Structures are given as structure tokens and as C-alpha cells.
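Residue numbers (full-length UniProt numbering): 1 to 115.
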């Protein structure tokens with residue numbers, strides 16, 4: 001946990017997110033600035049600043065994030081129509097909170113390229 005990290009504060013309960021999924025390793029909540037009808041952030045409970053900071057002991061965490069996103073997509077009715085799962089790394093890619101997270105977006109047609 002990092003004291004000044006917004007997502008760590010959510011994981012610890014200091015800030016109450018609009019939670020849609022939680023297990024021992026992952027917390028998922030609705031984005032406060034949604035870019036699609038369904039926009040959920042899936043975060044590991046362990047603080048890892050960026051994808052570049054994943055260490056040898058973090059091998060399972062990306063799989064857990066993806067599995068949670070699939071579960072949420074199915075619950076939200078997005079699995080058949082489609083959804084997007086995005087992870088940004090560092091500021092030029094659009095990462096604004098430096099705690100690894102996966103964006104699950106769906107409920108509308110997505111365009112390519114994304115940005």
C-alpha cells in the first residue's frame with residue numbers, strides 16, 4: 001500500500017468506490033469518468049505503480065485482472081456483443097493513477113484505432 005495512492009485508499013476502505021467485484025487479490029469498481037456505458041476499473045489489491053514495475057512475484061496478477069474482467073463482462077451482458085480491456089502504462093499512454101489497472105469498457109460499439 002502507498003499512502004498517497006487513490007486506488008490503495010479504495011483497497012483499504014479509506015475511500016468507498018462503487019464496487020462491482022472483489023476477491024482476495026482484486027477490486028473492481030465503476031470509473032467516475034466513464035468513457036462507455038460500462039466502464040469498470042479492475043485493480044490489484046497490491047500496489048504496483050505501472051506494468052513496468054511488475055516483478056517476478058507478480059506473474060499471476062495480470063491473469064487475475066483479466067479473469068475478473070471476463071467475469072464482470074459476463075455479469076454485465078457484454079461477453080457476447082463484445083468489450084474492450086485496456087491497460088495503460090505511464091503518462092504518454094494515458095495512465096493518470098499510478099497503480100496498475102485494467103479498464104473494462106463496453107455497452108457501445110468501439111472504434112479502431114482507439115486514440
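Don't be surprised by glycine CBs; every beta carbon is placed ideally from N, CA and C.
The structure displayed is predicted, hence computed values, not measured ones.
Residue nearest to residue 95 in terms of C-alpha spacing, selected from 57, 48, 109: The count along the chain shown starts at 1 and reaches residue 95 at position 95. Checking every option, the nearest Cα to that of residue 95 belongs to 48.
Inter-residue Cα distance where the pair is residue 77 and residue 108: If you number the chain shown from 1, residue 77 lands on position 77. If you number the chain shown from 1, residue 108 lands on position 108. For residue 77 and residue 108, the distance between alpha carbons rounds to 12 Å.
Cβ-based neighbour list, residue 26, same chain, cut-off 8 Å, excluding 5 preceding and 5 following: As a first step, residue 26 is located in the chain shown; it is residue number 26 there, counting from the start. Closer than 8 Å at Cβ, skipping near neighbours: 42, 43, 44, 45, 64, 65, 68.
Which listed residue (84, 60, 58, 57) has its alpha carbon closest to that of residue 70: By one-based count along the chain shown, residue 70 stands at place 70. Of the candidates 84, 60, 58, 57, the one whose C-alpha sits nearest the C-alpha of residue 70 is 84.
For residue 81 and residue 12, the rounded distance between their alpha carbons: Along the chain shown, read from residue 1 onward, the residue named residue 12 stands at position 12. Along the chain shown, read from residue 1 onward, the residue named residue 81 stands at position 81. One C-alpha to the other measures close to 34 Å.
Buried or exposed by the 16-neighbour rule on C-beta atoms within 10 Å, applied to residue 10: In the chain shown, counting from the first residue as 1, residue 10 sits at position 10. Buried, because 16 or more other Cβ atoms sit within 10 Å of the Cβ of residue 10.
Under 8 Å between C-beta atoms of residue 28 and residue 61: Position 28 of the chain shown holds residue 28. Position 61 of the chain shown holds residue 61. Not closer than 8 Å, so no.
Per-residue burial, residue 106 [other beta carbons within 10 Å of its own, 16 or more giving buried]: Taking the chain shown and counting its residues from 1, one reaches residue 106 at position 106. Buried, because 16 or more other Cβ atoms sit within 10 Å of the Cβ of residue 106.
CA-to-CA distance, residue 58 to residue 51, given in whole angstroms: In the chain shown, residue 51 corresponds to position 51, counting from 1. In the chain shown, residue 58 corresponds to position 58, counting from 1. Each residue's alpha carbon lies about 10 Å from the other.
Cβ-Cβ distance between residue 86 and residue 7 below 8 Å: What you label residue 86 is simply residue 86 of the chain shown in a count that begins at 1. What you label residue 7 is simply residue 7 of the chain shown in a count that begins at 1. No. Outside cutoff.
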